[in-house]
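Q:
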Amino acid sequence: MVIQLEQFFNLEGNHKEYEYSFMPELLISDDFISATAIEFSGEISNTAGLVNLKGKASFTAEIVCSRCAENFSRKFEIDIEHQLVNELNDDDNDMFLLVENMQLDLDALICEDIVLSLPYTFLCKDDCKGICVKCGKNLNEGLCDCKKDVDPRLSALLQLLDE
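Here the working numbering = 1-based position in the sequence shown + 260.
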């Protein structure tokens with residue numbers, strides 16, 4: 261959704277609410293198997309000459325756990341908040357979002373904010389035990405029958421215990 265912002269920059273006190281959903285062109289993350297449409301609810305307003313975008317984006321994704329490789333579903337809710345300007349005095353200022361030609365591509369901005377807020381890895385649960393590196397059994401379902409490797413530096417001590 262492309263929003264024309266001229267009315268917001270030129271009229272102090274202007275306020276408009278937005279509520280819509282969209283499907284991104286690409287999956288947000290390579291870890292996602294699938295995802296629902298992104299739902300956005302928010303507003304753009306000019307308060308004291310400063311144009312603000314505030315809202316919340318939410319979606320549900322089917323994901324592969326980074327530890328046990330099982331599929332799971334998770335709902336994400338991301339706060340979207342930006343101060344919009346049509347010109348910057350200082351190019352190094354990252355407090356404000358520069359909007360060129362008084363147009364804001366809201367879909368692209370929401371997708372960018374979502375990508376930046378996602379964790380590095382996705383776990384099906386906080387205490388996921390992963391899989392056994394030898395047999396591949398999911399350790400969340402129970403222990404496997406694999407014997408643990410002995411540190412070769414301690415193998416001489418094990419021989420003493422066997423005697």
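Don't be surprised by glycine CBs; every beta carbon is placed ideally from N, CA and C.
1) Please classify Cys406 as buried or exposed, where buried requires at least 16 other C-beta atoms within 10 Å of its C-beta.
2) Within this structure, are the beta carbons of Ala295 and Leu286 separated by less than 8 angstroms?
3) Pull up the distance between the alpha-carbon of Cys395 and that of Cys404, whole angstroms please.
4) On the CB-based measure, 16 or more other CB atoms within 10 Å of its CB, does Val262 come out buried or exposed?
5) Per DSSP, what kind of secondary structure is Ala368 in: helix, strand or coil?
6) Opposite Ala317 in the DSSP bridges: which residues?
7) What's the C-alpha gap between Thr320 and Asn361?
8) Among the residues of its own chain, which have a CB less than 8 angstroms from the CB of Val375, if the five just before and after it don't count?
9) Compute the distance between the beta-carbons of Asn346 and Phe269, then report whether it is under 8 angstroms.
A: Short version:
1) exposed
2) no
3) 8 angstroms
4) exposed
5) helix
6) Phe300 and Ile338
7) 33 angstroms
8) Ile288 and Ser289
9) yes
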